[in-house]
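Some notes on the structure that comes next.
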Amino acid sequence: PMQYLLDTGIACERAIIAHGVHLDDSEVEILRTTKTSVAHCPSSNLKLGSGIAQVARLRNARITVGLGADGAACNNRLDGFEEMRLATLLARVVSGIGTLSGHDAMGLATREGAKMLRIDAEVGTLEQGKRADLVVLDLERLDGPGGDPVARILFGGGSRAVRHVLVAGEFLVRDGLPTKMDANEVRAKAAEQLGPLMKRAGLA
Numbered sequence: 004p005m006q007y008l009l010d011t012g013i014a015c016e017r018a019i020i021a022h023g024v025h026l027d028d029s030e031v032e033i034l035r036t037t038k039t040s041v042a043h044c045p046s047s048n049l050k051l052g053s054g055i056a057q058v059a060r061l062r063n064a065r066i067t068v069g070l071g072a073d074g075a076a077c078n079n080r081l082d083g084f085e086e087m088r089l090a091t092l093l094a095r096v097v098s099g100i101g102t103l104s105g106h107d108a109m110g111l112a113t114r115e116g117a118k119m120l121r122i123d124a125e126v127g128t129l130e131q132g133k134r135a136d137l138v139v140l141d142l143e144r145l146d147g148p149g150g151d152p153v154a155r156i157l158f159g160g161g162s163r164a165v166r167h168v169l170v171a172g173e174f175l176v177r178d179g180l181p182t183k184m185d186a187n188e189v190r191a192k193a194a195e196q197l198g199p200l201m202k203r204a205g206l207a
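This is the structure:
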């Protein structure tokens, strides 16, 4: 509970709580006054059936909300585009259409995520003096012939349209392929390790 985090000094502007799906009014107020951020993890919450964060309510209280993906064990896909899509759709169910637009969801994944991590002076937006972290999309690989590009990205295919990824101006993905590793080799090593890992976990 947030009161305990407040009493122990954990709740503060450097703190991030994961999920934030069961918050009462007093806890939202603690988040607001301490400037504690929330990492919204839509896929994980749906897979675990643990609840749905009231993102619009948190944002209305001026609480910083960024997007998270939890871990592979309770998400599997770790797809940022899917998290943006689900954040928008879940907000429609919880608080109504228009309470978290596609543009808002992109903000959670970029600008607000950087603010949550306290690195917004370096990343999160494209502007002079910040690192050139870019994702280049091929819009021809998205469903639909045109319209709002943000809607097409979130609802028409998302990550499958990724062509290039640059971090600090360096290509990590070029033409859909990683530049720092051999994808086939990584898959083969993962498959090789799966059996022993399952045995150590007592699942095989």
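When you line the sequence shown up against this note's numbering, it's residues 4 to 207, in that order. A virtual CB, placed ideally from N, CA and C, is assigned to each residue, including glycine.
Local conformation of residue i per DSSP, three classes
i: A59; result: helix
i: L137; result: strand
i: S104; result: coil
i: A154; result: helix
i: V97; result: helix
i: L9; result: helix
i: P4; result: coil
i: Q196; result: helix
i: L129; result: coil
i: L92; result: helix
i: G110; result: helix
i: D123; result: coil
i: D27; result: coil
Short CB-CB distance (under 7 Å) between residue i and chain D
i: T182; result: The structure shown contains no chain D; it holds only a single protein chain.
Residue from the options with nearest C-alpha to residue i
i: S98; options: R60, E115, I66, T128; result: R60
i: I66; options: D136, E143, K38; result: K38
i: F174; options: D82, H22, L93, R134; result: R134
i: N63; options: D178, T102, A72; result: T102
i: R114; options: Q6, V165, I33, G69; result: G69
i: G52; options: G12, P181, H25, V41; result: H25
i: L157; options: T91, V189, L197; result: T91
i: G172; options: I100, Q131, D141; result: Q131
i: A112; options: R95, D136, I100; result: D136
i: V58; options: N78, N79, A21; result: A21
i: D27; options: M5, I19, N48; result: M5
i: G116; options: R95, L9, D141, G83; result: G83
Assumed close pair residue i, residue j - CB separation to whole angstroms, cut-off 8 Å
i: P152; j: E86; result: Contact flag wrong, Cβ pair sits at about 18 Å.
i: G147; j: R88; result: About 14 Å separates the two Cβ atoms, so there is no contact after all.
i: R42; j: M119; result: For clarity, residue 42 is Ala in the given sequence; the question names Arg instead. About 7 Å; that satisfies the 8 Å criterion.
i: G179; j: V165; result: 7 Å
i: H106; j: V139; result: So it is not a contact: roughly 19 Å between Cβ atoms.
i: L93; j: I55; result: 5 Å
i: V176; j: T182; result: 7 Å
i: R121; j: R17; result: 7 Å
i: L145; j: G127; result: Actually they are not in contact, since the Cβ atoms of L145 and G127 sit about 24 Å apart, beyond 8 Å.
Any non-hydrogen atom of the ligand SAH closer than 6 Å to residue i Cβ
i: R163; result: For the structure depicted, the ligand SAH is absent and the ligand set is empty, with no information on it obtainable.
Enclosing alpha helix (DSSP H) for residue i [first to last residue]
i: A18; result: First-last for A18: undefined, no H or E at that position.
i: A117; result: 114-119
Original post:
In chain order, which continuous runs of the alpha helix (DSSP H) of length 4 or greater are located wholly inside the stretch 31-89?
Top reply: 45-51, 58-63
**OP:** Output the residue ranges of the beta strand (DSSP E) runs that lie fully inside the stretch 141-193 and measure 3 residues or longer, sorted by chain position.
**Re:** 165-170, 173-177
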